[in-house]
Every structure is written in structure tokens, then in C-alpha cells.
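Chemist: What follows is a single structure, and I will ask about it in a moment.
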Amino acid sequence: MDLKLSLHVPEPEVRPGGRPDFSGVKIPKAGSVKRPPVDVDPAEIRDLAYSIIRVLNREGRAVGDWAGSLTDEELLAGLKTMMRVRAFDRRMLMAQRQGKTSFYMQCLGEEAIACAFRKAIEAGDMNFPTYRQAGLLIADDYPLVDMMSQIYSNRRDPLKGRQLPILYSSKDHGFFSISGNLATQFVQAVGWAMASAIKNDTRVAAAWIGDGSTAESDFHAALVFASTYKAPVVLNVVNNQWAISTFQGIARGGSGTFAARGLGFGIPSLRADGNDYLAVHAVSKWAVERARRNLGPTLIEWVTYRAAAHSTSDDPAAYRPKDESDAWPLGDPITRLKNHLVTIGAWTEERHVQAEAEIDAEVLAAQREAETFGTLHDGPGPSVRDMFEDVYETLPPHLRRQRQEAGY
Amino acid sequence: MDLKLSLHVPEPEVRPGGRPDFSGVKIPKAGSVKRPPVDVDPAEIRDLAYSIIRVLNREGRAVGDWAGSLTDEELLAGLKTMMRVRAFDRRMLMAQRQGKTSFYMQCLGEEAIACAFRKAIEAGDMNFPTYRQAGLLIADDYPLVDMMSQIYSNRRDPLKGRQLPILYSSKDHGFFSISGNLATQFVQAVGWAMASAIKNDTRVAAAWIGDGSTAESDFHAALVFASTYKAPVVLNVVNNQWAISTFQGIARGGSGTFAARGLGFGIPSLRADGNDYLAVHAVSKWAVERARRNLGPTLIEWVTYRAAAHSTSDDPAAYRPKDESDAWPLGDPITRLKNHLVTIGAWTEERHVQAEAEIDAEVLAAQREAETFGTLHDGPGPSVRDMFEDVYETLPPHLRRQRQEAGY
Amino acid sequence: MPRMTMIEAIRDAHAVMMEANPDVVVFGEDVGYFGGVFRCTAGLQERFGKSRCFDAPINESGIVGAAIGMAAYGLRPVVEIQFADYVYPAYDQIVSEAARLRYRSAGDFTAPLVVRMPTGGGIFGGQTHSQSPEALFTHVSGLKTVVPSNPYDAKGMLIAAIEDNDPVIFLEPKRLYNGPFDGHHERPVTPWAKHPLGEVPEGRYTVALGKGEVRRAGSAVTVLAYGTMVHVALAAAEDTGIDAEVIDLRTLVPLDVELIEASVKKTGRCVVVHEATITSGFGAELVATVEERCFYHLEAPIGRVGGWDTPYPHAQEWNYFPGPARVGEALKRAMEG
Amino acid sequence: MPRMTMIEAIRDAHAVMMEANPDVVVFGEDVGYFGGVFRCTAGLQERFGKSRCFDAPINESGIVGAAIGMAAYGLRPVVEIQFADYVYPAYDQIVSEAARLRYRSAGDFTAPLVVRMPTGGGIFGGQTHSQSPEALFTHVSGLKTVVPSNPYDAKGMLIAAIEDNDPVIFLEPKRLYNGPFDGHHERPVTPWAKHPLGEVPEGRYTVALGKGEVRRAGSAVTVLAYGTMVHVALAAAEDTGIDAEVIDLRTLVPLDVELIEASVKKTGRCVVVHEATITSGFGAELVATVEERCFYHLEAPIGRVGGWDTPYPHAQEWNYFPGPARVGEALKRAMEG
Ligand SMILES: Cc1ncc(C[n+]2csc(CCOP(=O)(O)OP(=O)(O)O)c2C)c(N)n1
Ligand SMILES: Cc1ncc(C[n+]2csc(CCOP(=O)(O)OP(=O)(O)O)c2C)c(N)n1
Ligand SMILES: [Mg+2]
Ligand SMILES: [Mg+2]
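Chains as they are written, first to last, in the working numbering: chain Y, 41 to 448; chain A, 41 to 448; chain C, 7 to 343; chain V, 7 to 343.
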């Protein structure tokens, strides 16, 4: 045999200096993908893992089977929530640059996913999020001041200064403590859902993971467990095209899509436009209903784009064209929803500008309030005593001794 | 919402006391599954993950596209190899019962898979086996005496008494050191194949795993890496229906087949009759050729049945009907190949009986020879000095001190 | 009082707790229908139903990860890792998740789960059925790590572990399952039925986590041991005739430092013993603790006996296992020092 | 001689070895095109091509598992785990596979690979960018575990590690990447350019694994440290005016016991220091080793300073980090004892 082997290493189409090119991303027309009944046989909808469910068309109209899951007021509320998330990100990014905290991560461009999903679940349901789903909290009216206090590790910080900024936790708001270790939450969500099923409860779980993190093994563990026990869980993959500097082709390999990963498990697997608030809501609803009706898990790949840097420690100019974000063919979720509301006459450009100012002011006021409790390097923060608490339910003797040694 | 959730726990059709029932196992007619070209687009052969490629029909004839990969002499040699494997298992099982070693695992009923696969690869290729592929060694003429010496942990044991019986290793025979930890070898095989591609070599790797072990996370790691780097590797899943006491439905969950797991990665995924020596060889050849031609990985699910206990520590009567093995619809690989050879006039019942006796004698002679080097509890075994060697390339000071403390 | 093997005691602890608390669920590889490869969960599925006790896919990370999710929901999962040697795939879930959930969420979420696993050697199990990985857990803040040495403790500690609101690593010395094993492998095995600690009360009782127990009072030297090594240490004391005080630590974290300190201050000598490889084993922590607290009372270097720093070999098992001869040597050295 | 930061020294070690040996391959998360989140592999892909240096999927078990396969083939993979905090998913491949392959196959297969990972705190990285997991590797037979404390050693030890025929865990104290850090976080950072150990020869040279180095000769007390803590210990000696002998262990397994023993026998006092949580940390092993070998020379209890037994907190970082004040206290206590 003469043929020599060689290693294939996937590469993105374009690198810095090149012209952004998304012509390879096949985008079906809005409204073109059918909406199957929730109790469909998964084998019959395998094609949904290779398409993109979209509701908003270019003209800003909601079209097709998946349209109509929300009223105009609900849509307007959704728009404002997304604007609030974006204003929050902008403020906190700035606060980090000003040295008020150590670190920050935005969800710029991905706001629709968490915000609309939150509206498809109920109080009592539980999300197992990653660090880009702050929208789940904001859409559920979790106090911005508390979020900011966590970011500042100040003395109001609900997590007592222990966690890296944005790794929120709120059981009351159905938001599981975020881990810095990727993918671990995916199978925990399945376990939570199994528990709900074991207790003959009605609550469902939602798991969240990034495109890059689907490569982690706990993604597999989650799919195995979810498929075996038909757990009432929605498995969300947020494909924002990038994992720090690594494009999604490295995690995805030869498969067409991330949604396709679910097919080998017999799990209904859908792909949807993550920048389309209406599509996100409708598809989420479908999956949540399946879970609630004891029909088992659903895998959803949300197609979106990470418009900002990975985190404040990252500069994407080193690995992707600067203007790639503008070239992203699915547009911006806020602009798209705004256009839709303007098109249907439920909103105007003027009111939008005004709302922007109001929301900015609201976020700024929250920030001012949060800062009265201190920022990372300014003001008495959480106590050193707190550093020794909650390792165990009760302080064991060796930690008591250590606390004493530390002088507290 | 009134509906209460409940946990779904898959169960086998039948438990001890019940009547074995394999009517749910859909078995396509031999010869009915087409043989695509090796450079086929994986998307076009997704159906192969849900079928079973078979060559030998009920009449003992080789039929269809996949027939004809071996000459009659090769088939006869294959038959004898399988008989040798079976005789070996029988002898060693008895030896364990006689207390000559601590533990043993048979591959009864699964002989065709490893034996025929070995004939589809070349010297220099590397297998990363589990504990049920002893056939890979025997088909490659690895000395039975060495295998037995390993099982006996005697002073000829190539592994110096360090490994549990049957966890062989032979680089020269393309047989990677077996690990007691399930699934780890699957991604190692992919790494080995990547190395071959990096070096522009022509050698390919083969990974082996059981149905139950596909649930392990390293199975996922292997698929991710194989799919991303298009590694020249054949990914073998031996579905023998059981994982100790756990039926394959627990690992498989809602998916139709284990082969289907590959689809989400864009890896060509085939399902084949593991009890049909001809099918195993033809399908293996196809996959090996793909790898060798730098076309990337192939996943193969070998459908078979674990006819014996999991190991000498197990008694399957506790969890499955005693006669389930006889009811297994794909029959016995040795009987089927023998019948084929008799049918085509290349073999007779008499010669078979005679061959059986010869092979038994051969294995017995090997056993006698192995026992001259001792058995686990009888005769000077590997030295205690050896216990301290090979932890590192050279003995570090702390191990020298410990060896001295041990008196050696 | 009923007599039980350690297996029966563990099974009984499960049953008592599953009966008492509908939130207790049990799963793991082969633990459902079959009842576990060591039979520690036999009969539970039949008695409590498939959603309380079930078979899991072979994915240790999934088993522990799912258990964490269940615990966060409010259940009390008790999971079995088939052999301690197979816990490593679950290590991230244990270390990064279960151990830190309470801390990182400031008590918003907790992970009250028990991870049971057969541990230790002496059964010709080779490298992957013999390991003692306790030190890999004792280094991790947020975990409790326990090792019972007899049926009475096994039941009482398992109940305590299930009732505990923190994650507990529950290591079961498999060589003790059917009878006390003192390392004299050449002698016939005594069954638990003939041992006082094989008497196990019915129903619920607990053996507090964090408390050790003196198994043999003595004045010459203190031996710190746990699991199988407790019995080996007792045999060594007997064989050498040295009046050793043998302490069964039972819980490694949090450690019963008072008990240790009092004993060593009394005897002035100390030997620590475990099956795990010596370097960075839990014995090192014990030596460091004793050194710090009893420095001025020590009359000889603290002896340390453990498995050699090699993978666990198959055929050389009895040269590897720290049996009564090696422990006896250490006792003698401690008396000479 | 060129001046390098620790990052540059590590990058250079890669380049030297990739140039010298076509079997050296480098991969990990973000290490290919981008050159690593800490830039330790920057430029390698461009220089040596995509099949010698490439991005890996985010699966640490896969990264190490594939590296083991490559090493078994005959390559010399050097892989990066993005932060030591993320090594746990790979723990099984490291512990059960890389560490044991030579032993279990009696040398038929080996796993000469290097697993590099940024370790330690001091960067406000919180629980998952600050850990020091060395003790979880030192307990595992078959692994070598090393921690350089400066650019010169980093390059020489990384080359030695790549040339070594056994698996090496290579821990890089990230707080030292750009300059020596002595724990005085309130003071401006000195760059490596101003430090003698920032002078790094071009080309190939090695710093032998298994050898420690005295960083400050002294007669009053021996301090055993590694990584960032070497610099903290030096600062503590300076701050307290105690004439400490500061030993930079560099390699934890195999440990340079002779060097330690000679020093402690000379000073009669000893303090061990590390960033990792105290309980079952590598300090315990150091204490046990010193106790055993120097018992009759010790004039005071061996001091042990480490991170508190809690997860690594974010805001309380400087109360958690064992800085010069805490080490200084330990030195004083050792002198009083
Ligand atoms: C186990 C583990 N490995 C590596 C990392 C480092 N890391 C943090 S985020 C990230 C990229 C994740 O990408 P993706 O899943 O696509 O999520 P995104 O950031 O795009 O939302 C990596 C590699 C980590 N946090 N945990
Ligand atoms: C990591 C790990 N977990 C659990 C085990 C225990 N174990 C050994 S074999 C086995 C069943 C494997 O079943 P399968 O993969 O179907 O292979 P088969 O025995 O049927 O050939 C189990 C659970 C192990 N060896 N390693
Ligand atoms: Mg991403
Ligand atoms: Mg099987």
C-alpha cells in the first residue's frame, strides 16, 4: 500500500485578516420547518437536527407553524428583558475595566436564548446553566443589585465572596449554582430531572452547555442517562460558533450539527435560530411540554454567535476577523425582535430609544446601589470567617483551629 | 398540570424463570444489505446503523454483496482458530476451577469477531482490545503457552505476575496491554491512529469496547477525537447483550442500536452479524480499507451474545433465563462456519470431530508445558524483585529502599 | 441480637434508611435487579421498587453527577462504585462538584450523597480490584471520608452517612465483607458470626462520623489504623506480644484528633498503618498530625507501614500486602527507637 | 544570555524539543492557532505545522487518553491542561493508564508523555483557576511530579521531562509566569528580566528531575518549598531575619531526600510550605519523611504551612494564600520550639 496517512485538523474558513464568510451556513427560510406533535416518534423527525427552526422572516414577520406562542405584550416584555441583559453586560464590563472586579463574561448576541427560554418554563423548574445564561435570572426578575453584588464580591454578595464573578446561584429562581468546570452540570440536570420523576413531581429540568463543551465527557453521560431513564429534561446546546479561540469545527468534527449528537440516543433533536426570540420560545415550549408530559428528554441546538470576547481575559482579534460578528447571517436578537414589533405596529423607534435610556438608568441605579456595599478591592468585603463556613454543614474541629490560626 | 412524572427504568423482556424471547430482535435476511463503496458519503448509509449485515444464510450458503472476501482455505483456517479459542477457554476455565489461577473470562459464542477481524488487518496495525478478544492473539499465532503462563502468573509469565489473568499484552502481535478500567483504551486507540497519521505512516488502529462500556465517557472522547481528526481507526463495539447482570437496554437507552451512536459524529456506522465469520471479515475489511485510505474512522456494532458467565466470579442464572443462550437467533459462530464449509464441500463432520480432538490435544499439550513453569499458587512464581521493577524506567531511590525493606 | 456479615449489615443499613425516608434512592452498576456484585443491595429493588433502587449505565461520572442533581433536588442518593479502582472517572464530579457545592452556593444547594465503594486488596484482584484511594479524598475539602472495619460500624456509619448533610465517601474493605481478616492469609478465615462486632442491632442506630475507637487498650505504642489494617494491627500486637494500643480511626476526615493525641501522649510511640501506597498516603497526614501535636512526647520516630509504591500486583499479593509480619516489625522498631 | 519570562522559557523548551525530535507533538485546548491562553505554545503551530501542534476538543480525558495512544505508538506528546483545576476529568487516564502502562505490560508499552498545567493561585481566579493538585499525583506510583519555580528551571525541566521515558506531571505556578512573586501582593511585581534565574540559555540543556536546589543557605531552620512558595519562603526569611535554609524541591516524586535530610540534620528545625490545602497535602509527606529520617536531630516540631482546608475563595484570596506573614510565623514558631 503506497498511500500515506495524514492528520486532518479542521480549520475555520477565515482567520484574522480574511473576509468573514458564512456562506457555508445553510439557513432555511423562516417558517419552513414543520412543527411536529410533541409525542412524535423521534425517528420521524431526524431531519430537524439538520435544519434550523426560524419564525421571524426578513421582513420582520412571524411566520410558519412555530409562530404565535407569545402575545405582543409578552414579546415587548421580552424585548425589554434582552435590553436589560445587554445594558447589564455593558455596565459590568466597564466596571471590570475600572478594576471594580476581577473578571467578567458577557452574553452579547445570545440574549434571546436564555430570556425566551425562561418564559417557557415554570416556577419550580430548575436550570443548570453555564456562564452565559444570565438572562435566565434577569428574565425572572432576580434583583440586579444581587447579581452585581456577586460580581463585586461585596458584603451583600449572596455567595459571600467565594465565587468568581458571574457564577451566580439562586435556587428560588430555578438557577443552579454555576460551576467553573465545564459540562459537569449537564448530567446533574438529568439527575435532578430523574429525581423529579422518582418523586412523581411535575417539575422539569433544563441543562445548558456550549458548543465547545459538548466535547466533554459529561455531555455523553447526560445523554446516556437522559435516554435510558427518559428523564424530563431539556438539553440545551448553545452553539455560538466559538470556544475561546477554538472554532466549533473542533468540537463538532465530521458531524453536520451538534443537534445530531442526540440522534444516536433516540432523543428528539432540534436545531433552532437562537437569535430569534420567537423561535426560541416556541421550540423551548415544545421541549418543555414533552418533558412535562413524561415523554422524555429533548436536545436543542441553538444556533447563535458569540459577538463579544470570550471573557475579559480574551481578545478575539487574535483568532477571528474583527468584523465577523457583523457578518453573522442570523443578525442580532434585539434588533430582530424590535423590528418585528415595529413592523406589527406594537413598537416604534422612538419608544425604543426611550426604553433604552430608561433601562440604562435602571441598571445604573442598581449599580450605584450595589456599590454602596463595596466592590472587590474597595470597602470591607465578605468576612474572613465566611471563608471557613459552608465547607461542611457544621464547622469541623480542624477548620475551627485553622480559622483561629487565621485570627478569626 | 395534573400529569405526574414517573421514572422509566428499562427492563429485559425476560428474567429467570421466564421463556427466552428474542422475537424483538429484527434480523434481516443474509445478503440483503448492500455493500457501499468505501468512500461513500456517511450521510448516505445511515440506514446501515439500523440493519444487520449478514453473509451466511440458513442453508449455510454465503450470499450477497459482502460475500467472497475469503478463500475456502482461509475459512477453514478461521474455523480451526475459533475452535482453538474455544478449547483454550474450556481448558483455562477448568484450570481456574482447579485453583490454578484466580480468575478467568471466556469469549464463548463471540469467537468469530476477534478471529475474523484479525485476518482483516496487517502486521503493524494495533488493536486496543478488551478482555474478550483473546481471538486476536490466537488468530495471530501468539504462543498459547505464553497466554497460559500469563493466566497462571508463573515464572514464564511475560507480564511478571503483575496482571490479572487474561489481561495480556503483546506489541509484536499488535495487541495493546489490556486495562482493567473499561473504555480507556477506546480513545487511546484513536490517539495511536492519530500518531500514525501524524507520521504519514500506513498503519491503522482498532479499538474494542463492550455494549455496556459504550456508556463510559471515554467512548465519547474517542468518537469526538476520531471524528475531528478523521483518525485511521476502526471502532468496534461488541454487543453481546449483557454487561455482567445488566442487559444492553440500560446502556443503549432509547436509541435503536449502538451503531447509531456514531451517526451524530458523521462517522460511517455499520451493524453486522458477529456470529457470522464471513460477515465479520468482510465488514472489517471494508472499515480497515477506509482507515488505510485516509478516509477516517468507522464504527461497527457486532451483534452477538455472551453465551457464558461474565467471568468466573459470576453466575448468570441469577439474572437471565438459563436457556437464553440456546434461543439466541444468530446461532453459534463455530457451528455456522462449520456448516457452511460442509455445505460447500470443503469440510466434513468427520474431519471436524477429528480436528476437535487434535486441537484439544494441542491445547492440552500447551497447558502441560505452561504448568512446568508453575501455576499461581504452585511453584516459584515471578520474583518479588519484579514487583518493584517497571514502575519507572529506572528504579528510583525510594523504591530501592522499599525493595530492600521487603528483603530483596 | 442478630449476627450479620459486613455485607448483610450494609444491606440492612440501606433497607432501614429506605424504609424510614422515601427520599433515599440507591443505584449503581448491577445494583438493581441483581443486587450488586458483592450483593450489598440484594433485595432492595424487589422491596422498594425500581425507581428507588435501579441499575445504572456503566458511567461513574454519570452515576455521581446524576446523584448530585438528585441531592440538589432534595433526595438522598446512595450510589455504589463497583470497585474503588473505578472511581476515577467520577473524580471530577466528586472533587469539583459534590465537595464544593455547599461552599460555592453559600448553602443555596447541597449535595448530601453517599458514594460507597469496595476497597482494598487481599483477594487476588490485581491492579484494578485492590486499590485503597482514601488519600485522594482526604485531601479534598468538603468531603467526609470513612472506612468501617466491622459489621456493627458498617451499618451504624452507613446510616450516619446517609443522614449526614454533606457528601460522604464510604470505603468498604472488601476483604472484610465476610469475616475479619488479620492478614494471616495462610490460616482459615473466621466468619463474622464468631466475632462480637458481628452482632448488629436491628433497626436504626448510628455510629457517629468523626469518632475513632480504641480496639485494644495498651501502653507501649499507639497504632493508628482503619479498615482491614485494624485487624492486622491487632494480630501484630498479638504476634509480637507488644502491648500496643490499637485505634480504629473509622473516619479519616474529620479526624478524631483528640483520641489520637491522648493515646500517643500516653504511649510516647506511634505506628501508622494502611494498605494504600505509602508516598502521600493518609499515613503521611497521620504522621504530620502526631508530630505536630505530640512532638515532645515522642520517644521514637513514628513508624509508617503501607503498600509499596507500585501498582497493586497480582501474583505477589502477599508480598505487597502490609501483613502482620511487616506491622510487627514496625512495632518492634518503634519500641527500640 | 537571553532573558526570558517563564512563559517564554516554556515556549522555548517546546520549540527546542520539536526542532530536535520530530516525534514531539503538542496539543491541548486553544494551544494550536492561538498558542494557549497563557501563550505558552504561541508560534509553534506556525513553525512546526498543524500536525505537530494543534487545538484539541474540550475533553481532558480525551487529550490525555489520545496522548497515551500516541506515546504507545512512539511519539512524545506534550499536552496542556488549560488550568490544573480542569485535570480531574483526565484523572482516570493519568492514574489508571499512563502511570501503570509500563508496569502492567512489563515494559512492552510505555507512556512517555508530559502533562503540563498552570497551577496555584494569587490571580483572583477563584475556585477553578487557583488549585494546586500536586498531592493527587504524588500518591500515584508511576508518575513523576515536578514544579519549577523560575524560567531557568522551567525550560531545563521541561526538556528533561520530554526526554524522560515516564509520564511526567508538569505543574507551572501561573503566578510566576511573568515574574517572581513572593506573596507581597501589595508591592509592585518585579519582572523576570531583573532576576538571575530569568537568564535562560539558548538551545538544549536540562535540569535533572529528582534534584532539589538550595536557594538560600542558612543554619537556623530548613524550609522545604516548591513553586511560588520558594519565593514566599525567601521573603519570609528576609522579613523575619531568620537564617533559614530554603530548599526548592523542584521535583516532588522522586524526591531529593538526601538534600532534605542533610539540611535538616544541620539545622535541626524544619518548616514545610505549599499552596495546596493542608490536610493530606504533599507537606504531610514531607513531614513524614523528615520525621522518619531526622527524628533524633529535630529540636522543634516541624511546621506546616499551606492553604486552608476550604475551596479556594475569590475575594478572600489574600487571607487564603499562605503569604510571607504566615510563613514567617511558622519560622518563628520553629525557632522557639
Ligand atoms: C473542564 C474544563 N476545561 C476547560 C475549561 C476552560 N474553558 C472555560 S470556557 C472554555 C470554552 C467553552 O466554550 P463553549 O462551550 O463553546 O462555551 P462558550 O464560552 O462559547 O459559551 C474553556 C475551554 C473549563 N472551564 N473547564
Ligand atoms: C471503569 C470501570 N467500571 C466498572 C468496571 C466493572 N466491570 C467490569 S466488566 C463490566 C461489564 C462490561 O460490560 P460490556 O462492556 O458489555 O462487556 P462484556 O463483559 O459484555 O464483554 C463492568 C461493569 C470496570 N472494570 N471499569
Ligand atoms: Mg461556544
Ligand atoms: Mg456486553
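Backbone N, C-alpha and C fix where the C-beta goes; we use that ideal spot for every residue, glycine too. Computed from a predicted structure; not experimentally measured.
Could you check whether the segment 190-203 of chain V touches the segment 131-145 of chain V, counting it as contact only if at least three pairs of C-beta atoms, one from each stretch, sit closer than 8 Å?
Modeler: no
Chemist: State yes or no: is the C-beta of Arg311 of chain A nearer than 7 Å to some heavy atom of ligand 6?
Modeler: Among the ligands present in this structure, namely ligand 1, ligand 2, ligand 3 and ligand 4, ligand 6 is not found.
Chemist: What's the call for Val393 of chain A, buried or exposed, on a 16-neighbour Cβ count within 10 Å?
Modeler: Here residue 393 of chain A refers to the residue found at position 353 when the second sequence is read from its first residue. Val393 of chain A is classed as exposed because its beta carbon has fewer than 16 other beta carbons within 10 Å across all chains shown.
Chemist: Quick one: using the 10 Å Cβ neighbour count with 16 as the cut-off for buried, is Ile384 of chain Y buried or exposed?
Modeler: For the purposes of this step, residue 384 of chain Y is taken as residue 344 along the first sequence, with counting starting at 1. The residue is exposed, with fewer than 16 neighbouring Cβ atoms inside 10 Å.
Chemist: Helix or strand or just coil, what does DSSP make of Val227 of chain Y?
Modeler: Residue mapping note: residue 227 of chain Y aligns to position 187 of the first sequence, counting from 1. In the structure shown, Val227 of chain Y sits in a helix (DSSP, three-state: H, G or I).
Chemist: By the 10 Å Cβ neighbour count, where 16 or more other Cβ atoms means buried, how is Thr297 of chain A classified, buried or exposed?
Modeler: By 1-based counting over the second sequence, the position of residue 297 of chain A is 257. That one is buried.
Chemist: Taking C-beta to C-beta, are Glu251 of chain C and Gly224 of chain C nearer than 8 Å?
Modeler: For the purposes of this step, residue 251 of chain C is taken as the residue at position 245 of the third sequence. For the purposes of this step, residue 224 of chain C is taken as the residue at position 218 of the third sequence. Yes. Within cutoff.
Chemist: Excluding the 5 residues preceding and the 5 following Ala179 of chain A in the sequence, name in chain order all residues of the same chain whose CB lies nearer than 6 Å to its CB.
Modeler: As a position in the second sequence, residue 179 of chain A is number 139, starting the count at 1. Closer than 6 Å at the Cβ level, and outside the excluded window around Ala179 of chain A, lie Thr121, Cys155, Arg158.
Chemist: What residues from chain A crowd round Leu45 of chain Y, counting only those whose CB sits closer than 7 Å?
Modeler: By 1-based counting over the first sequence, the position of residue 45 of chain Y is 5. Neighbours of Leu45 of chain Y on chain A, chain order: Ser236, Ala237, Asn240, Asp241, Thr242, Pro272, Asn334.
Chemist: Determine which residues share a DSSP beta bridge with Phe44 of chain C and list them.
Modeler: The sequence position of residue 44 of chain C within the third sequence is 38, counting from 1. For Phe44 of chain C, which the question treats as bridged, DSSP gives no partner whatsoever.
Chemist: I'd like to confirm something about Ile290 of chain Y: is its beta-carbon nearer than 7 Å to some heavy atom of ligand 2, or not?
Modeler: In the first sequence, counting from the first residue as 1, residue 290 of chain Y sits at position 250. False, no ligand heavy atom lies under 7 Å from that Cβ.
Chemist: Under 7 Å between beta-carbons, which chain C residues line up against Ala229 of chain Y? List them in chain order, please.
Modeler: Counted from its first residue, the first sequence places residue 229 of chain Y at position 189. Per Cβ cutoff of 7 Å: Gly75.
Chemist: Is any non-hydrogen atom of ligand 4 found closer than 7 Å to the C-beta of Asp61 of chain V, if you look at the structure I gave you?
Modeler: Here residue 61 of chain V corresponds to residue number 55 of the fourth sequence, with the count starting at 1. No, ligand 4 has no heavy atom inside 7 Å of this Cβ.
Chemist: Just list the residues that DSSP pairs Thr338 of chain Y with in beta bridges.
Modeler: Locating residue 338 of chain Y in the first sequence gives position 298, where the first residue counts as 1. Answer is Y:Val274.
Chemist: Please determine whether the Cβ atom of Leu458 of chain A lies at a distance below 7 Å from any heavy atom of ligand 2.
Modeler: Chain A is shown only over 41 to 448; residue 458 of chain A falls outside these bounds and no answer can be derived.
Chemist: Leaving out five residues on either side along the sequence, give the residues of the same chain with a beta carbon under 8 Å from the beta carbon of Ala266 of chain A.
Modeler: Translated into positions along the second sequence, residue 266 of chain A becomes position 226. Cβ neighbours of Ala266 of chain A beyond the five flanking positions: Val230, Ala233, Val273, Leu275, Phe305, Ile307, Gly336, Pro337.
Chemist: With ligand 4 as the reference, list in chain order each residue whose Cβ lies under 7 Å from any of its heavy atoms.
Modeler: A:Gly250, A:Asp251, A:Gly252, A:Val278, A:Asn279, A:Asn280, A:Gln281, A:Trp282, A:Ala283, A:Gln288, A:Arg346
Chemist: Within 7 Å: the Cβ of Tyr92 of chain C and any heavy atom of ligand 2?
Modeler: Reading the third sequence from its first residue, position 86 is the one you call residue 92 of chain C. Yes, the Cβ of Tyr92 of chain C comes within 7 Å of a heavy atom of ligand 2.
Chemist: Is the Cβ of His438 of chain Y closer than 8 Å to any Cβ of chain D?
Modeler: The chain labelled as chain D is not found among the protein chains of the depicted structure, namely Y, A, C and V.
Chemist: Quick one: residues in its chain with C-beta nearer than 6 Å to the C-beta of Ala245 of chain Y, no 5 flanking neighbours on either side, listed in chain order?
Modeler: Taking the first sequence and counting its residues from 1, one reaches residue 245 of chain Y at position 205. Excluding residues within five positions, the ones whose Cβ falls inside 6 Å are Met166, Ala229, Trp232, Ala233, Val273.
Chemist: With a Cβ-Cβ cutoff of 8 Å, do Tyr232 of chain C and Ser155 of chain C count as a contact?
Modeler: To locate residue 232 of chain C, count along the third sequence from 1; it is residue 226. To locate residue 155 of chain C, count along the third sequence from 1; it is residue 149. Yes.
Chemist: Quick one: what's Asp313 of chain A bridged to in DSSP?
Modeler: Residue numbering aside, residue 313 of chain A sits at position 273 when the second sequence is read from its first letter. Its beta-bridge partners are A:Val343.
Chemist: Compute the Euclidean distance between the alpha carbons of Gly252 of chain A and Glu114 of chain A, then round it to the nearest angstrom.
Modeler: Residue mapping note: residue 252 of chain A aligns to position 212 of the second sequence, counting from 1. Residue mapping note: residue 114 of chain A aligns to position 74 of the second sequence, counting from 1. Going by the C-alpha atoms only, they are around 32 Å apart.
Chemist: Quick check: Gly204 of chain V and Arg9 of chain V, are their CB atoms within less than 8 Å of each other?
Modeler: Looking up residue 204 of chain V in the fourth sequence gives position 198. Looking up residue 9 of chain V in the fourth sequence gives position 3. Yes, they are a contact pair.
Chemist: Is Gly71 of chain C near ligand 2, judged by its Cβ being under 7 Å from some heavy atom?
Modeler: As a working mapping, residue 71 of chain C is identified with position 65 in the third sequence. No, the Cβ of Gly71 of chain C stays beyond 7 Å of every heavy atom of ligand 2.
Chemist: Closer than 8 Å by beta-carbon distance: list the chain V residues that pair up with Met427 of chain Y, in chain order.
Modeler: Here residue 427 of chain Y refers to the residue found at position 387 when the first sequence is read from its first residue. Within 8 Å Cβ-Cβ: Trp314, Thr316, Pro319, Gln322, Asn325, Tyr326.
Chemist: Tell me which residues of the segment 100-117 of chain C have at least one Cβ-Cβ distance to chain Y shorter than 7 Å, keeping chain order.
Modeler: Those residues of the segment 100-117 of chain C that come within reach of chain Y (Cβ to Cβ, closer than 7 Å) are Ser102, Glu103, Leu107, Arg108, Tyr109, Arg110, Ser111, Ala112, Gly113, Asp114, Phe115.
Chemist: Cα separation between Pro157 of chain V and Leu119 of chain V?
Modeler: Walking along the fourth sequence from the start, residue 157 of chain V turns up at place 151. Walking along the fourth sequence from the start, residue 119 of chain V turns up at place 113. Looking at the two C-alpha atoms, the distance is approximately 21 Å.
Chemist: Could you name the residues of the same chain whose beta carbon sits closer than 6 Å to that of Ala117 of chain V, not counting the 5 residues immediately before and after it, in chain order?
Modeler: Position 111 of the fourth sequence, counted from the first residue, corresponds to residue 117 of chain V. Result list for Ala117 of chain V: Ile74, Ala77, Ala104, Leu107, Pro173, in chain order.
Chemist: Let me know if Glu150 of chain A comes out buried or exposed under the rule of 16 or more other beta-carbons within 10 Å of its beta-carbon.
Modeler: Position 110 of the second sequence, counted from the first residue, corresponds to residue 150 of chain A. Result: buried.
Chemist: Quick check on the burial criterion: 16 or more other C-beta atoms within 10 angstroms. Buried or exposed for Met187 of chain Y?
Modeler: Walking along the first sequence from the start, residue 187 of chain Y turns up at place 147. By the neighbour-count rule (16 or more Cβ atoms within 10 Å), Met187 of chain Y is buried.
Chemist: Hey, Gly128 of chain C and Phe327 of chain C: beta-carbon distance below 8 Å or not?
Modeler: Looking up residue 128 of chain C in the third sequence gives position 122. Looking up residue 327 of chain C in the third sequence gives position 321. Result yes, Cβ atoms of Gly128 of chain C and Phe327 of chain C sit closer than 8 Å.
Chemist: Considering only residues of the same chain and omitting the five flanking positions on each side of Phe128 of chain Y, which have a CB-CB separation below 6 Å?
Modeler: Sequence index remark: in the first sequence, residue 128 of chain Y carries index 88 (1-based). Same-chain partners within the cutoff: Val403.
Chemist: Any idea what DSSP makes of Ala112 of chain C, helix, strand or coil?
Modeler: Position 106 of the third sequence, counted from the start, is the residue given in the question as residue 112 of chain C. Coil.
Chemist: Does DSSP classify Cys147 of chain Y as helix, strand or coil?
Modeler: Here the question's residue 147 of chain Y lines up with position 107 in the first sequence. Here Cys147 of chain Y sits in coil by DSSP.
Chemist: Is the distance from the Cβ of Ala340 of chain C to the Cβ of Ala306 of chain C below 8 Å?
Modeler: As a working note, residue 340 of chain C is residue 334 in the third sequence. As a working note, residue 306 of chain C is residue 300 in the third sequence. It is a contact, given that the beta carbons lie within the stated cut-off.
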